[in-house]
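Numbering (the working numbering), first residue to last: 4 to 457.
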């Protein structure tokens, strides 16, 4: 080989070394299954050694015997199969940190077809593998959640064909999973509402709506009330449509019970919107006692109708309900359509139906009770007044045995008529008894007797 050719080869080797060092992945050559050839700087940095300390050294010189043996076994596989071998190995870098490496070993052949050397490269995949494991776990958790949820879950492709359904879907709709995979998502709705369902789904996909209130239909034709939410996502790496339907059967049953109690309750009951307090429903007792029709109430506020005798007091109570979420036995006066003022005992709470909150207020008519209470208080007042007028003499009253004067509680002696008049309601008219008449006016009595006998 002449000098010019040798210099060209040296230049080529130098260029190759520069190229290897510029690559951000580990690269090295093996001259045989036991020995390193050239290495790049990235591989040397991983091992924490200078390139010259690694190049053309035996593996057993650089690594513990067990690690070197594993490397030699992998290298031997490349020679025996004469194919590229890809493996994943946990190795520790110069800082003592363990990494998962994906190592690719490719044989290079000479003109005779023999393996001349092995080209190796390695990339650290620790984070990717951790992320992949986390993603896999997330997918497994998500799938497990779908399998165990009590809601109906169907997943469709971009054409709307069902590609997955959870067990609850089969339980509630009567289709097998295989049958479900042959139909469209919209086919789960009754035919009478499928056109409306298409319009609603379009609005949901454009963000105009969040739920679809239309029912689903069982395989046997039974209607199942549900509330459905849909969104776009991925399933097994492909674009898809998720649909989750909540069974409202129990909720509607509870709603029917509430409606029956609401309608038949003897107390006045009203449902109004939040926060504007517009009546959305009232019960029969409300209409009967206040004398209005439903059309005169629904869609209006209490202030617009004028049913409260004291608007300021009603506003204060309404603000309390809005602030604290409930009120209990608050007295307010209301007016009937005819102008009669009634006493009401109000309680209220906030209820929710299909995600919308309302005020529920209940009024017990206590007008008769208040009137009876007023009459009772009036009667008690009159009785107390009468009792205050009643005066009686009790206990031992000291009286003179001779003049018959009475000694009062202050020790003074006074005429008996004055004492009795002071302590009772009695009034005296003076007269004289026959004995006193004879004693005091004997001559008058004698003349009277003569006149009688003569």
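Even glycine gets a Cβ: it sits at the ideal position worked out from N, Cα and C. Since the model is a prediction, treat every value here as computed from it, not as a measurement.
Spatially closest choice to residue i from the options, by CA coordinates
i: residue 37; options: 421, 55 and 70; result: 70
i: residue 276; options: 356, 151 and 185; result: 356
i: residue 335; options: 248, 217 and 313; result: 313
i: residue 310; options: 271, 278, 326 and 328; result: 271
i: residue 345; options: 421, 164 and 289; result: 289
i: residue 237; options: 404, 146 and 102; result: 146
i: residue 77; options: 106, 96 and 58; result: 106
i: residue 458; options: 401, 164, 351 and 172; result: The requested residue 458 does not occur in the structure, where the chain is confined to residues 4 to 457.
i: residue 182; options: 222, 207 and 199; result: 222
i: residue 41; options: 50, 54 and 49; result: 54
i: residue 273; options: 116, 140, 363 and 96; result: 363
i: residue 351; options: 135, 326 and 359; result: 326
i: residue 125; options: 109, 204 and 202; result: 109
i: residue 248; options: 224, 281 and 168; result: 168
i: residue 85; options: 269, 113 and 265; result: 113
i: residue 302; options: 318, 315 and 282; result: 282
i: residue 175; options: 226, 140 and 199; result: 226
i: residue 208; options: 260, 68, 190 and 244; result: 244
Residue i, DSSP secondary structure in three states
i: residue 439; result: helix
i: residue 97; result: coil
i: residue 87; result: coil
i: residue 239; result: coil
i: residue 404; result: coil
i: residue 2; result: Summary: the structure shown does not reach residue 2, with the chain confined to residues 4 through 457, and so no result is reported for it.
i: residue 411; result: coil
i: residue 368; result: strand
i: residue 325; result: helix
i: residue 206; result: helix
i: residue 190; result: helix
i: residue 356; result: strand
i: residue 339; result: coil
i: residue 108; result: strand
i: residue 457; result: Bear in mind that the predicted position of residue 457 carries a pLDDT of just 44, short of 50, making it unreliable; the figure below should be weighed with that in mind. It is coil, neither helix nor strand.
Own chain partners of residue i with C-beta closer than 7 angstroms, once the 5 adjacent residues on each side are dropped
i: residue 323; result: 330
i: residue 255; result: 228
i: residue 418; result: 408
i: residue 295; result: 340
Cβ-heavy atom distance, residue i to the ligand SAH, below 8 angstroms
i: residue 341; result: Summarising the ligand content, the structure contains no ligands, and the ligand SAH is consequently not present.
Residues near residue i by beta carbon distance below 6 angstroms, same chain, minus five either side
i: residue 241; result: none
i: residue 193; result: 220
Contacting residues, own chain, Cβ-Cβ under 8 angstroms from residue i (five flanking each side not counted)
i: residue 138; result: none
i: residue 292; result: 271, 339, 345 and 368
i: residue 455; result: Residue placement at residue 455 cannot be trusted, given a pLDDT of 47 that sits under 50; what the coordinates show is reported in the next sentence. Cβ within range, chain order: n/a, list empty.
Beta-carbon separation (whole angstroms), residue i vs residue j, contact threshold 8 angstroms
i: residue 52; j: residue 43; result: At roughly 13 angstroms, the Cβ-Cβ gap does not stay under 8 angstroms, so residue 52 and residue 43 are not in contact.
i: residue 157; j: residue 128; result: The Cβ separation is near 36 angstroms, so there is no contact.
i: residue 122; j: residue 111; result: 6 angstroms
i: residue 104; j: residue 91; result: 7 angstroms
i: residue 300; j: residue 285; result: 5 angstroms
i: residue 49; j: residue 96; result: 5 angstroms
i: residue 45; j: residue 62; result: In fact, because the Cβ distance is near 19 angstroms, the residues do not count as touching under 8 angstroms.
Within-9 angstroms CB hit, residue i to chain C
i: residue 88; result: Protein chains in the displayed structure number just one, and chain C is not present.
| field | Inside the stretch 253-313 only - alpha helix (DSSP H) runs reaching at least 4 residues | value | 287-293, 297-300 and 305-308
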